[in-house]
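Undergrad:
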Amino acid sequence: MLAEQQTIREQLDISSDEFLEMGNVGAMYYQQGNLVKARTIFEGLVELDPQSADAHSALGALLTLQQQDEAAIEHLKKAVELKPEQIAPYVNLGEIFIRQQKLEEAVANLKKAIELDPDEQDPGANRARAMVLGIYQVIQADNKATDEIGLESEKIN
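Here the sequence shown stands for residues 4 to 160, where the numbers follow the numbering used here.
1. Would you be able to state if there are at least three C-beta pairs under 8 Å between the segment 108 to 125 and the segment 82 to 97?
2. Indicate the three-state DSSP secondary structure (helix, strand or coil) for Lys81 in the structure shown.
3. How about the segment 142 to 151 and the segment 121 to 132: do they share at least three Cβ pairs that are nearer than 8 Å?
4. Considering only residues of the same chain and omitting the five flanking positions on each side of Met4, which have a CB-CB separation below 8 Å?
5. Grab me the residues of Lys86's own chain with a C-beta within less than 6 Å of its C-beta, minus the 5 sequence neighbours each way, in chain order.
6. With DSSP run on the structure shown, which of helix, strand or coil describes Asp20?
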């Protein structure tokens with residue numbers, strides 16, 4: 004492979020274990036709430052290897068938390084494109100679309116996360132299940148309220 008076609012990671016001969024360890028350091032900062040350092044690491048990982056679904060997923064998750072929705076969507080969609088069997092990007096996309104009140108897109112992504120976890124073992128997919136249930140309950144409550152308002156207006160007329 005020519006140098007200009009290689010990723011920076013390949014040019015620097017960074018092994019999979021080394022790359023994973025960098026990601027673990029970023030995850031540690033993320034879990035500790037040091038989002039500035041976590042973001043720096045995750046952005047660096049994406050620069051080192053733009054074809055790393057895990058790096059895009061991690062950066063997308065952090066950006067989701069920071070409510071930087073458009074940038075998060077870009078990285079999460081790239082993660083899904085590179086590794087469609089990964090659950091977390093679908094869950095984070097669902098969360099963003101709920102926040103943006105795009106319920107059809109939210110449910111589609113959450114359902115995909117749920118489908119990828121038929122044994123109900125993945126915490127992210129279980130979070131997706133809870134979000135879908137929440138959406139359903141809100142819709143049911145709205146429908147009930149609408150029905151009640153309709154009944155009240157019929158009584159007035």
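Every residue, glycine too, gets a C-beta built ideally from N, C-alpha and C.
TA: By the coordinates alone:
1. yes
2. Your numbering for residue 81 matches position 78 in the sequence shown. Correct three-state label for Lys81: helix.
3. no
4. Here residue 4 refers to the residue found at position 1 of the sequence shown. In this prediction, Met4 scores a pLDDT of 46, lower than 50, which makes its location untrustworthy; the coordinate-derived value is nonetheless stated afterwards. Around Met4: Glu13.
5. The count along the sequence shown starts at 1 and reaches residue 86 at position 83. Here the set comprises Ala56.
6. In the sequence shown, counting from the first residue as 1, residue 20 sits at position 17. Note: Asp20 maps to helix in three-state DSSP.
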